[in-house]
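**Q** Residue numbers (full-length UniProt numbering): 1 to 137. The beta carbon of each residue, even a glycine, is placed where N, CA and C say it ideally should be. All values reported here derive from a predicted model rather than from experimental measurement.
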C-alpha cells in the first residue's frame, strides 16, 4: 500500500517458456513501463533496459495529489503485454474502542477511582504500546 507522494520501486525478472518444462532467460530488450492511476490515466512512463540475467529495475514518485485506488504497471515484451498492480490510499488512523474497567462498581465522593483502560481494535485484538494518562474531574 502506497500513499500519495511515496516512491515506488519496481523490478522485472522473467523466463521465456519453451514448453511446460523448459525455459530460458529472456533476451535483452528495451522495456517501456507505463504507470496507470486508478482512473486508467497514464501518469508516467519509464524507459528501462531488460538484461537477460539481471532483469531490470526502476523507481518513480507518485504525485502528491495521487488518486486513491488500484494502480497498474504495464509493459510489453515480444508483443506480449504484462502488468502488475498496487494500491494507493491516504493513511487513516485505525479506529479502536476505549473501555474503562473500574476496580469496583460504586465510589464515594472524594474516594480515588481505580481501574484500567482497555483499548481494542474492532476485531477484538488489543491495541499495543499505548501511552495514555487519563485524567478525571
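Determine, for residue 73, whether the minimum Cβ-Cβ distance to residues of chain B falls below 8 Å.
**A** The structure shown has no chain B; it contains just one protein chain.
**Q** Look up residue 49 in the DSSP assignment and say whether it is helix, strand or coil.
**A** It is a strand residue.
**Q** Is residue 33 buried or exposed, if buried means 16 or more other CB atoms sit within 10 Å of its CB?
**A** Buried: at least 16 other Cβ atoms inside 10 Å.
**Q** What is the rounded straight-line gap between the Cα of residue 60 and the Cα of residue 1?
**A** Rounded to the nearest angstrom, the two C-alpha atoms are 15 Å apart.
**Q** Does DSSP put residue 98 in a helix, a strand or coil?
**A** Of the three classes helix, strand and coil, the one that applies to residue 98 here is strand, per DSSP.
**Q** Determine whether the beta carbon atoms of residue 83 and residue 72 lie at a separation below 8 Å.
**A** A contact, by the Cβ cut-off of 8 Å.
**Q** Could you check where the beta strand (DSSP E) with residue 33 kicks off and where it finishes?
**A** Residue 33 -> beta strand (DSSP E) spans 29–36.
**Q** Buried or exposed: residue 31, going by 16 or more other Cβ atoms within 10 Å of its Cβ?
**A** So residue 31 counts as buried.
**Q** Does DSSP classify residue 74 as helix, strand or coil?
**A** In the structure shown, residue 74 sits in a strand (DSSP, three-state: E or B).
**Q** Return the CA-CA distance between residue 55 and residue 20, expressed in angstroms with no decimal places.
**A** Taking the straight line joining both Cα atoms gives about 22 Å.
**Q** Give every residue of the same chain whose Cβ lies closer than 6 Å to the Cβ of residue 66, excluding the five residues on either side of it in the sequence, and list them in chain order.
**A** Excluding positions up to five away in sequence, the list reads 4, 88.
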